[in-house]
Each structure stands twice: as C-alpha cells, then as structure tokens.
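In the numbering used here, the protein residues as written are 22 to 777. Idealized CB from N, CA, C, for every residue including glycine. What follows is a set of notes on a single structure, which appears directly below.
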Amino acid sequence: MIQPDRPPENEYPHLRRPGSIQPHGLLLAIAEPNYIIQYISKNTQDFLGIDSDDLLGQSISALLDNSQQTLLQQTANKPTGASMVLPLSLQTPSGKQEFDAIAHRTSEAIVVELELKKTEIEENLPDFSAWVRDILANLQLSSTLREFFEVVAKEVRNIIQFDRVMVYQFDRQGAGEVVAEAKNKTLSTSYLGLHYPATDIPVASREMYLQSRLRWIPDLTAPSVELIAIDNTNTHALDLSFSLLRSVDSCCIEYHQNMGAKALLVIPLMKEGKLWGLISCHHQTAKYLSYSLRVVCELLGQFISLELANKIKQEELDYKLKLRSHHSQLLKTIATQKNLKTALLHPDPRFLKLVNATGMAIYLNEEIALLGNTPSREKIYTLIEWLDSQGNESLFQTDSLVRDYPSGEAIADMASGVFLLRISQIRRYYLLWFRPEVIQTVTWAGNPQASIQIDEDDRMILSPRSSFEQWQETMRFTAKPWLPSEIENAIEFRNALIGLVLDRADELARLNQELERSNRELASFAFAASHDLKEPLRGIHNYSTFLLEDYADVLDETGIERLEVLVRLTQRMESLIDILLNYSRLGQTELNLEAIDLKTLLEQVIHVFRASNPNSSIEIRLLEPLPSVCCDPVLINEVFGNLIANAFKYNDKPEAWVEIGCASPDEHGIQAPAMTVLYIRDNGIGIRERHRETIFRLFKRLHAKNKYGGGIGAGLAIVKKIVERHGGQIWCESTYGEETTFYFTLMRHQSSITEN
Ligand code: ADP
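The following block contains the structure:
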C-alpha cells in the first residue's frame with residue numbers, strides 16, 4: 022500500500038492486471054460468444070480435482086450445466102463491473118461442494134470467481150436483517166461526525182470481528198488521517214490521529230476503490246496463484262480491476278504487515294461520487310469471511326457513505342450557524358460602542374472565532390491591534406507591505422504563505438495560513454487572520470520508538486511512523502485551509518461592519534438635519550418674539566416718560582426715582598432685544614456674496630473706526646498681501662468692526678496696537694485649500710484659557726458692565742455667527758496679560774486661489 026519510492030502510476034499496470042489471484046478461490050475468464058475458457062487460475066486441482074490445463078480452452082459446459090450456463094449468460098448483458106452471484110454445486114474429489122460463483126463482465130471477457138461456501142461461518146452468524154437494522158439506527162443516532170465515525174468503527178468491528186477497524190479520511194490532496202478506531206484491547210498501539218501522505222495509497226488503488234465496493238484479503242501471507250491463458254496469451258492482459266480474488270501488490274502486503282496485519286478488509290467511503298475515505302480493517306491472523314457477510318459490509322459501506330454525506334452537510338450547517346452566531350454577537354458588541362475605530366483597536370477575542378483563527382491583526386492606517394498568537398508587529402508590517410504589492414483585491418487567503426512569500430518561513434509557526442480582508446479600499450483598514458502550520462497542532466503518539474528504517478536495498482522500510490514523518494514533511498509550512506463557510510462568514514462580517522459605519526453616517530446626517538431644522542425654528546422664534554416684544558416695551562417706555570414729564574409734580578421723590586429706573590431698564594431691554602433681533606436675523610437672511618478685496622474693505626473699516634473713536638491712539642497695522650475673499654461685505658465689515666473695537670477696548674497698554682493679516686492655513690491644521698485664515702492680534706489684556714470658548718456665547722462678558730468701556734457681551738457671538746454663515750470657523754489664542762489673537766477662516770475668491 023505505501024510506497025515512498027514507488028515509480029509513477031502508469032509504470033504499474035500490474036495493480037489492475039497482476040496475472041494472478043489470491044489462493045482462497047479460483048478464477049476463470051470466458052470469451053463470448055462461444056463461452057470458451059480463455060484464462061484460468063492454476064489452482065483448480067485444489068478445489069475441483071481437475072488440472073487447469075485440462076479446463077483451459079474448453080467450453081464452460083465442462084463445468085456448468087445448462088441452467089447454470091443460462092444464468093451466467095445474463096452477466097453478458099450487464100454493464101462492466103456489475104456482478105451477480107450464482108450458487109453452484111460442483112462435483113469435487115471430496116464429493117459435491119457448494120460454491121459461490123461471482124461473475125462480472127469486463128470489456129473483453131466474463132470473469133467468474135468461485136469461492137467455497139463456508140457454511141460453518143454462515144451458521145454462526147446472527148439474523149442479518151435485525152442486526153443491520155440495529156446498526157443503522159445506531160449510526161443515525163450519533164449527533165456529531167466524530168461520534169458517527171466512532172459508531173462506524175465499532176459496528177463494523179462487531180460484524181466482522183477483526184482486531185482493529187479504522188476510519189480514514191482523505192484531505193483535498195489525498196493525504197489520510199485516522200479519524201476513528203475500534204480495536205481489540207490487547208493491541209497496544211493506537212493509530213487514532215495518525216496521518217499519512219497521499220502517496221501511501223497509489224492512484225490506481227484509489228481508482229479501484231471507486232469501482233469496487235470492497236477489498237478483502239483474508240491472508241496477506243498466502244502465496245498468490247498464477248493464471249494461465251490459451252494460445253500463450255500474456256496473463257497480464259486480463260483486467261482484474263473488478264475481481265474479488267485479484268492478487269495483492271507486494272507493497273500493500275509489506276505495509277500492512279508492518280502494521281501487524283495478516284488479514285485485511287477495506288470498505289471505501291464515497292461522497293458525491295468521489296472517494297472520501299476508507300474503513301480499513303486489520304486482523305492479526307488470517308480471517309475468512311463468507312460472501313454474504315461481505316455483502317452486508319458492502320451494503321453497510323453504501324449506507325454509511327449516504328449517511329456520511331448527510332452528517333457532513335449537517336456538521337457544516339452547524340458550524341456555519343456557530344460562526345454566524347459569533348459574527349452576530351460580536352457585531353452587537355461593536356454596535357454598542359461609541360467609536361468604531363476604538364472598538365477595532367481594542368478587539369474582542371471573538372474576532373478569532375469568526376474564521377476559527379489562532380491569531381489576528383487589525384490594521385487601521387498604520388495603527389495595529391493584535392489578538393492571539395501572532396508574529397511581531399514589524400513582521401506584520403512587512404507582510405502587509407508585501408500583501409499590498411500583490412494588488413488591492415478585497416480578499417487574499419492562503420493556506421501556505423511561504424508558497425508566494427519566502428519570508429513567511431520565519432513566521433510559519435504562527436502564520437502559515439493567512440486570510441486578509443480589506444474593510445475599505447480607500448483607507449488601509451485591514452483584518453488579517455493567522456493560522457499555524459498544521460504540524461504544530463498535530464501530534465501522533467503512536468509507536469514513537471520506531472523511526473524510519475532503511476533496508477539493504479536502500480529502500481525505506483514502510484511503517485506508520487515513516488508515513489507520519491513523510492506526511493509531516495509534505496505539510497511543512499502548510500496550515501489548515503480556510504473553509505468556504507469561514508471565508509463567507511468573514512466577508513459577511515466585513516459587510517455588516519461597513520453597514521454599521523454607513524448607518525452611523527446616516528444617523529449623523531439625520532441628526533444634523535434635525536438640528537438644523539430646530540435651529541432654524543429657534544431662530545425664527547427668537548426673531549418673532551423679539552420683534553413682538555419691542556412694541557409693548559416701547560409702550561412701557563413711552564408711558565413712563567409721559568408720567569415723568571406730566572405727573573412729576575404729583576409724584577414724590579421716590580416715585581420719580583423709580584420711574585427713572587423703569588425708563589433706564591426699558592432702554593436697556595430694548596438694546597438687548599435689538600441685539601437678539603440682529604443676531605437671529607443673521608441666521609435668517611440670505612448672504613449677498615461678492616468677491617471682496619480685503620485690503621479695501623479693511624481700510625474702510627479702519628476709517629469708520631477712527632471717525633467714531635477720534636481720541637483713540639491705537640496703532641492699526643495692516644499686513645499685506647491680503648487676499649480677495651468671497652463674502653457678504655456688510656457682515657464681514659461688522660466682523661472686523663467688532664474685533665477691532667474689542668482690540669481697542671480690552672487694551673491697557675500705553676502703546677496699544679492691533680495687527681491684521683493673513684495666516685498660514687497649514688500651521689493651523691486647515692486642510693481646505695479654498696479657505697484663507699485671517700487674524701487680528703492685539704497687545705491687550707489677554708484672555709484666560711478657560712474663557713476662550715465661552716466668550717463666543719451670546720451675552721457673555723468677562724468684565725463688569727462699566728469696565729473697559731462696557732459691553733453687552735454680544736459682539737463675539739455675532740462675529741462667530743457671521744463667520745459660520747460664511748462656512749468658516751473662528752477661534753482665539755492668547756497669552757494672558759500680553760496679547761490676544763482672533764483667527765477666522767473665509768472662502769478665498771477663485772481667482773485669488775489660482776493666483777496663489
Ligand atoms: P463685549 O460687548 O463685552 O465686548 P464681546 O462678545 O465682544 O462682548 O466680548 C466678550 C468678552 O470677551 C468681553 O467681555 C471681553 O472680556 C472678552 N474680549 C473680547 N475681545 C477681547 C480682546 N481683544 N482682548 C481681551 N478680551 C477680550
């Protein structure tokens with residue numbers, strides 16, 4: 022069976038056409054249409070007391086009567102390989118003997134194999150139908166695939182009473198693994214978990230397992246019996262692919278003998294028309310099984326194959342559901358977190374379970390978070406560089422990184438399997454899962470003392486240990502492959518994650534809209550309220566003034582004083598309402614945007630300022646060049662007017678100055694190239710850090726009403742509102758006691774953008 026130095030398959034036609042059979046039966050091949058015996062095994066004397074030479078070239082009628090011949094002729098109409106059984110009673114030197122004649126056709130002949138009926142074995146067998154029924158029920162009851170295999174091994178051993186029954190599973194490359202074992206307690210070595218390379222079972226043998234449903238070798242040590250053929254035809258011409266008695270390849274004998282077996286029964290397991298695995302049964306001594314018992318095993322094999330497909334499907338479905346449940350639980354956890362990026366950079370351990378990985382890296386534009394067993398950050402960065410150089414497909418996966426990336430050798434123990442998912446094509450946001458080399462995770466404890474041995478001809482001596490070591494060799498740098506269900510789960514998770522981001526963006530847009538609407542409503546409410554308040558207020562003011570003018574003589578001093586306070590309060594209230602009105606109007610009125618040369622505008626503002634503050638000695642510096650901006654000139658005039666007035670008011674220096682100019686957007690982290698940053702700096706009293714935000718609130722003053730020329734605390738609120746209506750932003754920097762700078766951004770006029 023195993024053959025590390027086996028030549029290529031096509032050089033071994035003898036596997037199918039060995040020209041010999043096992044000695045526990047006899048074989049003859051007859052040609053149509055005259056049913057002449059073309060080939061016959063040399064052991065007819067042992068069974069029938071007739072020399073093979075005497076039967077060769079004879080008609081089959083020499084052995085079979087008319088009714089038996091008619092039965093045999095039915096085989097002629099069957100497809101190649103399909104067999105039928107004829108119970109035969111033949112005269113032998115020891116009297117009449119009962120035989121099972123199993124006949125099948127090949128492309129060139131009808132092959133008939135005769136086996137003596139072992140009546141003593143048959144008699145000891147229990148009621149087949151009840152037996153099979155119980156076995157099938159047990160098999161169906163098993164809930165997991167592993168349990169199913171264990172029941173298979175146990176039940177098959179119960180039927181055939183072999184020392185050891187193993188279930189082999191093949192992987193995609195054809196390498197095998199013992200996934201279940203039932204054995205006689207006296208056998209010390211267990212083969213459970215043993216892996217062996219694909220080469221252990223040659224392709225031709227696999228093909229024959231596909232075609233035949235059972236392979237039985239009752240005695241591996243029994244010498245084979247040669248065939249003879251008429252006209253000196255080469256006996257290797259006869260195709261014995263479907264023969265039950267076909268002799269055994271010497272490698273197969275050697276392999277099984279090294280495993281301590283003398284008798285062998287192999288039941289192929291099929292899934293979707295392909296060889297999925299084998300049930301391999303070993304017995305330490307020769308073991309004969311009746312034909313009917315073998316038919317039961319054959320049927321059982323077919324049932325197990327059918328049930329196997331169901332169980333695998335069920336197991337796959339269960340696994341898929343399990344993955345799916347990790348996926349939804351994880352997503353639920355992430356969805357509750359405020360910041361997705363933080364959630365990803367502090368990954369939940371369930372990320373590993375999404376694809377059943379042992380390690381993971383979450384990479385978000387240079388930032389990286391690691392989970393489980395992973396290579397070092399540096400190694401991962403280099404790997405990501407390489408992955409990026411391979412293209413930017415959203416998915417990359419391999420079960421052997423080294424195949425394409427030689428430096429992967431150094432990280433094979435953690436990352437032989439790599440699965441990359443790109444979350445975003447624009448940003449470098451990646452999920453990267455790892456799996457270790459398979460051989461890191463598989464150990465087989467069997468027969469550890471016996472290592473590979475070499476015989477005198479320098480051939481490797483075949484043994485499970487050497488197979489295991491060879492298998493390990495073929496699996497170097499290879500991880501367990503990523504299953505379609507795992508890949509699918511990860512993709513769905515990625516999509517859900519993107520969905521979550523989009524949902525958040527939608528939610529944000531909705532909130533913004535809502536906010537904008539309520540802002541608008543509030544502004545129009547403030548506008549209407551302040552407008553409507555003005556009229557009764559004016560009434561109160563006017564009536565108080567009339568009272569003062571017309572009834573001063575009837576009022577005492579306190580009365581007059583109180584009326585005077587009332588008049589002052591109404592005046593103050595009116596100016597507050599005016600400001601409120603002005604402020605709310607700002608949010609309502611359309612902007613009259615124009616291209617404005619800031620230098621000209623500022624010269625006018627300064628001119629007006631000088632005219633209304635004739636005693637001010639403050640030095641006003643304009644730092645050129647100043648750009649053209651796109652703005653509503655009346656409103657921007659108000660902005661500069663307010664800021665210059667503040668610079669003048671809040672200044673206690675003997676040589677007060679104010680400087681107006683243009684700042685570098687980069688220095689202030691302003692990314693938008695269409696914006697310009699303007700500043701107004703003064704050497705005044707400065708603003709403490711804790712007030713630098715609050716000064717922009719309506720009616721917020723830092724000083725007593727009468728200090729620094731008084732103020733109502735609305736100027737900066739209005740300035741901010743105007744700047745924001747222009748799509749800009751405003752902020753303040755200051756060194757308390759020394760200077761203050763107000764910065765704000767405005768949209769450049771197009772031509773001035775291109776000029777610069
Ligand atoms: P006000 O009408 O009181 O000047 P503002 O809204 O213009 O109201 O300013 C709010 C507060 O910010 C002022 O009361 C003042 O304390 C402070 N402030 C404004 N500009 C300056 C400045 N250039 N230097 C120092 N403090 C200032």
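ask   = Can D703 be considered in contact with the ligand ADP, in the sense that its beta carbon sits closer than 6 Å to one or more heavy atoms?
value = Working through the sequence shown from its first residue, we reach residue 703 at position 682. The answer is yes for D703.
query = With a cut-off of 8 Å, do at least 3 Cβ pairs link the stretch 423 to 439 to the stretch 353 to 363?
reply = no
Limits of the unbroken alpha helix (DSSP H) element including S785 = This structure leaves residue 785 out entirely; the chain is present only between 22 and 777.
ask   = When the Cα of L265 is compared with those of N672, W678, V586 and W237, which residue comes out closest?
value = Taking the sequence shown and counting its residues from 1, one reaches residue 265 at position 244. For L265, the nearest C-alpha among the options comes from W237.
ask   = Can you tell which of V188, S41 and E458 has its C-alpha closest to the C-alpha of R424?
value = Numbered from 1 along the sequence shown, position 403 holds the residue referred to as residue 424. Nearest option by C-alpha distance: E458.
query = Using the beta-carbon count (16 or more within 10 Å), is P239 buried or exposed?
reply = Indexing the sequence shown from 1 puts residue 239 at position 218. Flag for P239 reads buried.
ask   = If L286 and L310 are in contact, beta carbons under 8 Å, what's the gap, nearest whole angstrom?
value = Sequence index remark: in the sequence shown, residue 286 carries index 265 (1-based). Sequence index remark: in the sequence shown, residue 310 carries index 289 (1-based). That pair is a contact at about 7 Å.
query = Buried or exposed: which applies to V655, given that a residue is buried once 16 or more other Cβ atoms fall within 10 Å of its Cβ?
reply = Against the sequence shown, residue 655 aligns to sequence position 634. It is exposed - the Cβ of V655 has fewer than 16 other Cβ atoms within 10 Å.
inquiry  = Once DSSP output is grouped into helix, strand and coil, what is the label at S551?
reply    = Numbered from 1 along the sequence shown, position 530 holds the residue referred to as residue 551. In this structure, S551 counts as helix in the three-state DSSP scheme.
Cβ-based neighbour list, Q470, same chain, cut-off 8 Å, excluding 5 preceding and 5 following = For the purposes of this step, residue 470 is identified with residue 449 of the sequence shown, where counting begins at 1. Because Q470 carries a pLDDT of 45, less than 50, the predicted location of this residue cannot be relied on, and the following value inherits that uncertainty. Around Q470: no qualifying Cβ.
request  = Quick one: residues in its chain with C-beta nearer than 8 Å to the C-beta of D192, no 5 flanking neighbours on either side, listed in chain order?
outcome  = For the purposes of this step, residue 192 is taken as residue 171 along the sequence shown, with counting starting at 1. Cβ neighbours of D192 beyond the five flanking positions: E198.
request  = Would you mind sorting Y757 into buried or exposed? The rule is 16 or more other CB atoms within 10 Å of its CB.
outcome  = Numbered from 1 along the sequence shown, position 736 holds the residue referred to as residue 757. With fewer than 16 Cβ atoms within 10 Å of its Cβ, Y757 is classed as exposed.
Opening and closing residue of the alpha helix (DSSP H) in which A666 lies = The count along the sequence shown starts at 1 and reaches residue 666 at position 645. Here the alpha helix (DSSP H) through A666 covers P654 to K670.
request  = Specify the secondary structure class of D434 as computed by DSSP and reduced to three states.
outcome  = Looking up residue 434 in the sequence shown gives position 413. Three-state result, D434: helix.
ask   = Using a Cβ-Cβ cut-off of 7 Å (strictly less than) and excluding sequence neighbours within five positions of K741, which residues of its own chain qualify?
value = Here residue 741 corresponds to residue number 720 of the sequence shown, with the count starting at 1. The answer, listed in chain order, is F717 and I751.
query = If we call anything under 7 Å between Cβ atoms a contact, is C318 one with F183?
reply = Taking the first residue of the sequence shown as 1, we reach residue 318 at position 297. Taking the first residue of the sequence shown as 1, we reach residue 183 at position 162. Not a contact, by the Cβ cut-off of 7 Å.
ask   = Helix, strand or coil for P557 per DSSP?
value = Taking the first residue of the sequence shown as 1, we reach residue 557 at position 536. Correct three-state label for P557: helix.
query = Which same chain residues, not among the five before or five after L521, have their C-beta less than 8 Å away from its C-beta?
reply = As a working note, residue 521 is residue 500 in the sequence shown. The residues are L352, I355, A356 and L361.
ask   = Cβ atoms of D653 and L590: under 7 Å apart, would you say?
value = As a first step, residue 590 must be located in the sequence shown, where it is residue number 569. As a first step, residue 653 must be located in the sequence shown, where it is residue number 632. Not closer than 7 Å, so no.
query = For the beta strand (DSSP E) that D67 lies in, which residues bound it at each end?
reply = By one-based count along the sequence shown, residue 67 stands at place 46. Per DSSP, D67 belongs to no beta strand (DSSP E); it is in the alpha helix (DSSP H), T65 to L69.
inquiry  = By alpha-carbon positions, which one of E336, L453 and R443 ends up nearest to G393?
reply    = Looking up residue 393 in the sequence shown gives position 372. It is L453 whose Cα lies nearest to the Cα of G393.
Same chain, Cβ closer than 8 Å to H562, neighbours up to 5 away in sequence not counted = Translated into the one-based positions of the sequence shown, residue 562 becomes position 541. Closer than 8 Å at Cβ, skipping near neighbours: V588, T591, Q592 and E595.
query = If you follow the beta strand (DSSP E) that S755 is part of, which residue opens it and which one closes it?
reply = In the sequence shown, counting from the first residue as 1, residue 755 sits at position 734. Counting along the chain, the beta strand (DSSP E) containing S755 begins and ends at I751 to T756.
query = What span of residues does the alpha helix (DSSP H) with P371 cover, start to end?
reply = Taking the first residue of the sequence shown as position 1, residue 371 is located at position 350. Checking the sequence, you will find Arg at residue 371 rather than Pro. From DSSP, the alpha helix (DSSP H) with R371 extends over R371 to K374.
query = Between L504 and the rest of its own chain, which residues show a CB-CB distance below 6 Å, the 5 nearest in sequence each way excluded?
reply = Reading the sequence shown from its first residue, position 483 is the one you call residue 504. Counting only Cβ-Cβ distances below 6 Å, and skipping sequence neighbours, we find nothing.
ask   = So what's Y564 in DSSP terms, helix, strand or just coil?
value = By 1-based counting over the sequence shown, the position of residue 564 is 543. In the structure shown, Y564 sits in a helix (DSSP, three-state: H, G or I).
request  = Consult DSSP for L162 and reduce its assignment to one of helix, strand or coil.
outcome  = Here residue 162 corresponds to residue number 141 of the sequence shown, with the count starting at 1. Correct three-state label for L162: helix.
inquiry  = Quick check on this structure: which residue in Y451, T766 and S41 has the alpha carbon closest to the alpha carbon of S649?
reply    = Counted from its first residue, the sequence shown places residue 649 at position 628. That would be T766, whose Cα lies nearest to the Cα of S649.
inquiry  = Distance check for S73 and L329, CA to CA, integer angstroms please.
reply    = Counted from its first residue, the sequence shown places residue 329 at position 308. Counted from its first residue, the sequence shown places residue 73 at position 52. Computed Cα separation, rounded: 45 Å.
query = Is R486 close to chain C, meaning its C-beta is less than 7 Å from at least one C-beta of that chain?
reply = Note that chain C does not occur in the displayed structure, where there is just one protein chain.
ask   = Where does G102 fall in DSSP's three states?
value = Sequence index remark: in the sequence shown, residue 102 carries index 81 (1-based). It is coil, neither helix nor strand.
query = Taking 6 Å as the cut-off, does the CB of A725 come closer than this to any heavy atom belonging to the ligand ADP?
reply = The residue labelled residue 725 in the question sits at position 704 within the sequence shown. For the ligand ADP, not one heavy atom lies less than 6 Å from the Cβ of A725.
message = On the criterion of 16 or more Cβ atoms from any shown chain inside 10 Å, does A382 qualify as buried, or is it exposed?
response = Here residue 382 refers to the residue found at position 361 of the sequence shown. So A382 counts as buried.
Beta-carbon proximity list for L157, same chain, < 7 Å, skipping 5 on both sides = The count along the sequence shown starts at 1 and reaches residue 157 at position 136. Same-chain partners within the cutoff: F324.
key: Rounded C-alpha distance that separates E171 from Y230   = Residue 171 sits at position 150 when you count from the first residue of the sequence shown. Residue 230 sits at position 209 when you count from the first residue of the sequence shown. Answer to the nearest angstrom: the Cα atoms are 22 Å apart.
inquiry  = Could you check whether Y729 and K670 sit closer than 7 Å to each other, using their CB atoms as the reference points?
reply    = Within the sequence shown, the letter at position 649 stands for residue 670. Within the sequence shown, the letter at position 708 stands for residue 729. Cβ atoms of K670 and Y729: closer than 7 Å.
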